[in-house]
Every structure is written in structure tokens, then in C-alpha cells.
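Asks:
Residue numbers (our numbering), protein chains in the order written: chain R, 1 to 283; chain U, 1 to 240.
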């Protein structure tokens with residue numbers, strides 16, 4: 001539940017980063033304005049089963065930017081503005097309101113990262129990134145504290161991306177493997193992440209990208225539902241998600257993208273698909 | 001970059017106003033009439049006002065005309081106007097209250113013993129008027145355990161047994177007394193994660209609940225309160 005809350009931030013950031021194994025190059029940038037929406041009336045429980053919950057939604061507007069400081073180093077930032085809400089609950093017998101709906105709008109947790117090109121050639125790209133997650137969101141919000149836009153902890157994620165470009169029957173593409181270790185504070189368990197990504201360019205201006213991403217908890221944190229004292233950002237969130245993104249270049253520099261991602265298994269995370277769309281600019 | 005600024009403004013407006021819709025909850029329960037007063041013994045000449053309530057299909061109390069009957073007016077009389085019962089002579093009688101519900105006539109009964117005038121009313125034993133129940137999970141979260149409920153001088157006491165379990169991974173665990181297990185409307189919170197003393201999750205424990213009568217509620221339930229998920233339910237019955 002706490003899907004809550006759910007590891008959402010990781011999932012949202014992940015969909016921003018196509019071809020992230022290649023650094024931008026000095027003076028070059030990639031900028032993306034996105035919305036991300038998830039509405040869920042069920043969740044994966046702590047035992048991995050699916051149970052219902054009051055319908056909750058998360059609508060996030062975000063700014064994502066990559067900029068090449070040198071040919072080998074990019075600086076990356078992700079700034080989300082989050083709306084968390086819960087539906088009004090109405091009696092099916094009387095039509096009376098059982099519980100009013102509620103919403104909180106606030107800045108989410110901001111990420112800042114540095115990416116370093118460890119190897120970059122026409123056949124292979126390997127990069128390492130250090131991402132810092134700042135607790136700029138609300139770790140308690142709404143009438144009961146459960147309408148949160150951040151987890152209240154500062155985390156540091158070390159990530160490696162290995163990418164390989166390819167061409168099959170004149171169709172260009174790339175494959176990517178991601179692994180990451182996320183060191184979390186404030187009693188949250190550390191996490192191991194891995195992901196697979198396959199992108200193809202069947203026609204000019206158009207990319208189709210498929211992704212699989214998995215977050216796995218080390219279960220070494222002290223924070224529990226009992227000790228969280230009302231904090232709904234869950235500890236020990238786990239999930240494996242699959243997603244598809246379509247990107248189309250309107251011009252050489254400007255493009256649009258649509259993304260569909262859904263957790264196919266998980267613990268303490270919403271069991272519902274998310275949708276996102278964005279406008280990106282490459283300069 | 002102008003298009004980014006415009007779109008960003010639009011998205012911010014969208015993100016701050018995206019609509020809150022409605023969840024329709026099936027909160028129907030069987031309607032009932034229930035004798036609330038917990039009296040089983042009186043003496044000749046004693047007059048006691050009986051209280052009964054009608055609970056509608058969502059377990060809200062509604063004012064309805066109640067009809068009282070006695071199986072033995074020579075032992076125990078009843079005044080329909082005032083809901084008074086009067087001990088007439090030594091013996092046993094059953095008092096019944098009836099009400100016209102939305103789906104037919106409803107009734108509840110109580111057997112009352114009338115003692116001779118001046119005879120001391122026996123001290124209630126621990127099992128007199130005692131209630132019991134057994135929590136069963138209604139989701140994949142843990143919720144189990146037996147309990148009894150007894151009257152105290154200030155309310156009731158809920159004694160959960162050694163086999164009591166609540167889910168420690170549940171965010172926002174809370175336990176309620178309620179007449180409608182499908183809704184927290186009018187429910188009484190007994191235990192919760194944000195209590196001053198925290199929540200009790202495992203094993204035997206006693207919850208003291210002041211200001212609540214032993215017949216006031218029909219169910220004991222476990223919920224994930226912030227996400228309004230019912231995870232366990234127990235029907236409260238007489239411990240006979």
C-alpha cells in the first residue's frame with residue numbers, strides 16, 4: 001500500500017532515461033517535460049498478493065534534464081511536482097458520503113545525478129552514475145499523514161549502464177543493461193535494482209522502447225509499519241515492471257513520447273498501470 | 001523553449017486539479033433491532049427501563065416505533081409506552097421487542113429472571129452477559145484470534161487470547177468496534193498504530209473501553225485505516 005506509494009519515484013525517473021548509457025557530450029543537453037499518472041484501487045501486499053484499497057491517484061508533472069559538462073560527464077536532475085489524491089467514498093445503499101476525497105499538491109523528492117562515461121565507442125557504451133535523492137517532498141501530508149509526495153530520506157544510488165548499438169535488416173537499435181545499488185537512510189532498507197532495455201528505430205524519427213525493471217529490497221532497514229508512526233512511504237518496496245515507450249521526433253531536436261508501465265509483481269506497491277507522456281528537446 | 005513554458009504551466013494546472021472521483025462502497029448489512037440494556041435479573045417490584053435500537057441497512061440507528069411483549073405478564077410486565085419492565089412475581093419470562101423494518105418485522109428477545117422482593121441479586125459471574133468472537137481475515141493480511149468482552153463498571157473490556165494476531169506490515173493498522181464491518185462510519189476505535197501507546201499486534205492483551213455498552217456493537221474489525229481496507233472481521237455473539 002504504501003505503494004504507496006510505492007517506489008513510484010524510482011519508477012517515474014526510470015522512464016525518463018532512454019539510452020542513458022551514452023553521455024551527452026560537452027555542451028549538449030536533453031530536456032524533458034512530462035506528466036505521469038497512476039490510479040489504483042488495488043495493491044501488492046507485503047506477501048505479494050493483490051488486495052483492494054481505496055482508490056488513490058498520483059499525477060506528477062516533472063522536469064528532467066541532462067547536460068554534458070564535459071565529453072565524459074553529464075549532470076542530471078529530476079524535479080517532480082506531485083498531486084496525491086484519494087477518491088471520495090460513497091455509500092452504495094444511501095448515496096451518503098462515507099469519507100470525503102482528499103488531495104495534496106507539493107514538490108516531490110528531487111534527484112540530482114552525475115554520470116561518467118567509463119567507456120564509449122561505436123560498439124559499446126558503459127557509464128557509471130551517482131544519483132542523490134533529496135527529501136524535498138512532503139513526508140507527511142493530508143489529514144492522516146498518508147498523502148505524501150516524498151519519503152523523507154536522503155538516498156544515494158550508484159548505477160552502471162551498459163549499452164550496445166545494433167542494426168538488423170536496416171533497423172537500428174540498442175540494448176541496455178542497468179544495475180544499481182541504492183543506499184537509503186532514515187531506517188529504510190537498501191535496494192538492488194536491475195533493468196533491461198531494448199530500443200529500435202524502425203523508421204526515421206520514431207523509436208520504440210521496451211523495458212523491464214526490478215527493484216529488490218535488502219530488507220536491512222529498521223523502519224517498519226509499526227515504527228513509521230504514520231509514515232506511509234513504505235519500506236521494503238519491491239517490484240518488477242514492464243513498460244513500452246514510443247518516441248517521435250517532430251523536428252531534429254524536438255520530440256514527443258508516450259509510456260505505459262505496469263508492475264507485474266511486487267510487494268507494497270500499487271497494482272495498476274501508469275501512463276506518462278512528455279515533450280523532449282535535444283540541444 | 002516557449003512551448004515548454006506553456007506546456008509546463010498547463011501540466012501544473014492539470015496536476016493540481018485532476019479530479020477526485022467517487023468509490024461506491026457496498027456497505028449494506030442486515031437491518032436489526034437489538035436490546036441494548038444488559039439486564040437479566042430483577043426483583044419483584046423493581047422497575048427498569050429497557051433500551052432497544054433499530055439499526056437500518058447501513059447499521060445507522062433510526063427512530064422507529066418499538067413494540068414490547070412478555071411471555072409471562074404474571075411474572076414480568078412491560079409498558080409499551082415507556083419501555084418499562086416491572087417484576088411482578090418470582091419466575092422467568094422472556095421479553096421481546098419488535099419493530100417494522102424496511103424488509104419485514106424484526107425482533108430481539110431477552111430472558112429475565114424475577115426474584116422475590118428483597119432477595120439480593122447475585123453478583124454477576126465473569127461469564128454473565130459475556131460476549132465472544134473470533135477474528136477471521138478478510139484480505140491477505142494477517143488477522144486472527146479469539147476474544148471475549150465483559151462489562152466493567154465504566155464500560156467494557158476486550159480480552160484477546162494468545163492466538164490474537166494483527167499484521168505488523170500493515171500501514172496504519174487500527175481495530176474498531178462497529179455495527180457495519182464494511183464502513184468505519186460510527187465505528188469506535190479501540191486500538192491503532194498512532195495511539196499514544198502504539199498498537200498491540202500479537203498475543204494476549206486486554207483493551208479497556210470506557211463509555212461503551214456491551215451490546216452497543218456487533219462486530220470487532222481490523223482495518224488499514226489510511227487506505228480504508230478492511231483486513232479482518234469478527235461477529236460478536238453471546239458467550240453461551
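Even for Gly, the Cβ is constructed at its ideal location relative to N, Cα and C.
Using a 10 Å radius around the Cβ and a threshold of 16 neighbouring Cβ atoms, would you call residue 177 of chain U buried or exposed?
Replies: Label assigned to residue 177 of chain U: buried.
Asks: My assumption, with CB atoms under 8 Å, is that residue 79 of chain R sits in contact with residue 57 of chain R. Please give the rounded CB distance.
Replies: Actually they do not touch by this definition, with Cβ atoms about 20 Å apart.
Asks: Determine the extent of the beta strand (DSSP E) in which residue 224 of chain U is found, giving its start and end residues.
Replies: 219-224 is the extent of the beta strand (DSSP E) around residue 224 of chain U.
Asks: For residue 92 of chain U, count neighbouring Cβ atoms within 10 angstroms of its own Cβ and tell me buried if that reaches 16, exposed if not.
Replies: Under this definition residue 92 of chain U is an exposed residue.
Asks: Going by the CB atoms, is the gap between residue 137 of chain U and residue 148 of chain U shorter than 8 Å?
Replies: Cβ distance not < 8 Å, so residue 148 of chain U and residue 137 of chain U don't count as in contact.
Asks: Is there a Cβ of chain U sitting closer than 8 Å to that of residue 53 of chain R, yes or no?
Replies: Answer yes: the Cβ-Cβ gap between residue 53 of chain R and chain U drops below 8 Å somewhere.
Asks: Using 8 Å for Cβ pairs, my map puts residue 212 of chain U next to residue 155 of chain U. What's the rounded Cβ distance?
Replies: At roughly 5 Å, the Cβ-Cβ gap stays under 8 Å, so residue 212 of chain U and residue 155 of chain U are in contact.
Asks: Near residue 126 of chain R, what residues of its chain come up, given a Cβ to Cβ distance below 6 Å and the 5 sequence neighbours on each side ignored?
Replies: Excluding positions up to five away in sequence, the list reads 118, 119, 162.
Asks: Closer than 7 Å, Cβ to any Cβ of chain U: which residues of the segment 78-96 of chain R, in chain order?
Replies: The segment 78-96 of chain R vs chain U, Cβ under 7 Å: 81, 83, 85, 87, 88, 89, 90, 91, 92, 93, 94.
Asks: So, is residue 204 of chain R buried or exposed, given that buried needs 16 or more other C-beta atoms within 10 angstroms?
Replies: So residue 204 of chain R counts as exposed.
Asks: Against chain R, with Cβ distances strictly below 8 Å, would residue 141 of chain U count as a contact?
Replies: At least one chain R Cβ lies under 8 Å of residue 141 of chain U.
Asks: Helix, strand or coil for residue 6 of chain U, going by three-state DSSP, please let me know.
Replies: If DSSP states are grouped into helix, strand and coil, residue 6 of chain U belongs with the helices.
Asks: Beta-carbon within less than 6 Å of residue 285 of chain R's beta-carbon, same chain only, minus the 5 sequence neighbours each way: which residues are those?
Replies: The structure shown does not extend to residue 285 of chain R, since chain R spans only 1 to 283, so no value can be given for it.
Asks: Taking the runs of the beta strand (DSSP E) that are 3 residues or longer, which of them lie wholly in the segment 24-112 of chain R?
Replies: With a minimum length of 3 residues, the continuous beta strand (DSSP E) runs that stay inside the segment 24-112 of chain R are 29-44, 50-68, 73-86, 88-91, 97-99, 102-107.
Asks: Kindly list the residues whose CB is nearer than 8 Å to the CB of residue 84 of chain U, restricted to its own chain and excluding five residues on each side of it in sequence; keep chain order.
Replies: The residues are 47, 48, 49, 50, 78.
Asks: Just the chain R side, please: which residues come within less than 9 Å of residue 185 of chain U by C-beta, in chain order?
Replies: Those are 91, 96, 98, 99, listed as they occur along chain R.
Asks: Using 8 Å as the Cβ pair cut-off and three pairs as the minimum, do the segment 110-117 of chain U and the segment 215-225 of chain U touch?
Replies: No, the segment 110-117 of chain U does not touch the segment 215-225 of chain U.
Asks: At the level of alpha carbons, what is the spacing between residue 69 of chain R and residue 239 of chain R?
Replies: Their backbone Cα atoms lie some 34 Å apart in a straight line.
Asks: List the DSSP bridge partners of residue 102 of chain U.
Replies: Answer is none; residue 102 of chain U lacks a bridge partner.
Asks: Runs of 3 residues minimum, wholly inside the segment 166-209 of chain U: which ones carry the beta strand (DSSP E) assignment?
Replies: The segment 166-209 of chain U contains these whole beta strand (DSSP E) runs: 173-178, 188-192.
Asks: What did DSSP end up calling residue 240 of chain R once you bin it into helix, strand or coil?
Replies: Looking at residue 240 of chain R - three-state DSSP - the assignment turns out to be strand.
Asks: Are there 16 or more other CB atoms within 10 angstroms of the CB of residue 187 of chain U, so buried, or fewer, so exposed?
Replies: By the 10 Å Cβ count, residue 187 of chain U comes out buried.
Asks: Using alpha carbons as the reference points, say which of R:24, R:198, R:103 lies closest to residue 171 of chain R.
Replies: It is R:198.
Asks: Is the segment 122-137 of chain R touching the segment 48-67 of chain U in the sense that three or more CB pairs, one from each, lie closer than 8 Å?
Replies: No, because fewer than three Cβ pairs between the segment 48-67 of chain U and the segment 122-137 of chain R fall closer than 8 Å, the two stretches do not touch.
Asks: Kindly confirm or deny that the segment 266-275 of chain R and the segment 178-196 of chain R touch, where touching means at least three C-beta pairs closer than 8 Å.
Replies: Cβ pair count under 8 Å is below three, so no.
Asks: Please list, in chain order, the chain U residues whose beta carbon lies closer than 7 Å to that of residue 125 of chain R.
Replies: Ordered by position in chain U, no residue passes the 7 Å Cβ test against residue 125 of chain R, which lies about 28 Å from the chain.
Asks: From what residue to what residue does the beta strand (DSSP E) around residue 262 of chain U run?
Replies: Beyond the ends of chain U as shown, which are 1 and 240, falls residue 262 of chain U; an answer cannot be given.
Asks: I believe residue 277 of chain R touches residue 34 of chain R by the beta-carbon criterion, under 8 Å. Please report the beta-carbon distance rounded to the nearest angstrom.
Replies: Correct: roughly 7 Å between the Cβ atoms.
Asks: Counting along the chain, where does the beta strand (DSSP E) carrying residue 234 of chain U start and finish?
Replies: Per DSSP, residue 234 of chain U belongs to the beta strand (DSSP E) from 229-235.
Asks: Out of R:174, R:159, R:157, R:43, state which residue places its alpha-carbon closest to the alpha-carbon of residue 165 of chain R.
Replies: For residue 165 of chain R, the nearest C-alpha among the options comes from R:174.
Asks: For residue 222 of chain R, which residues does DSSP report across the bridge?
Replies: Paired residue(s): none; residue 222 of chain R is not in a bridge.
Asks: For residue 120 of chain R, does the three-state DSSP call read helix, strand or coil?
Replies: The answer is strand: DSSP assigns residue 120 of chain R an E or B state.
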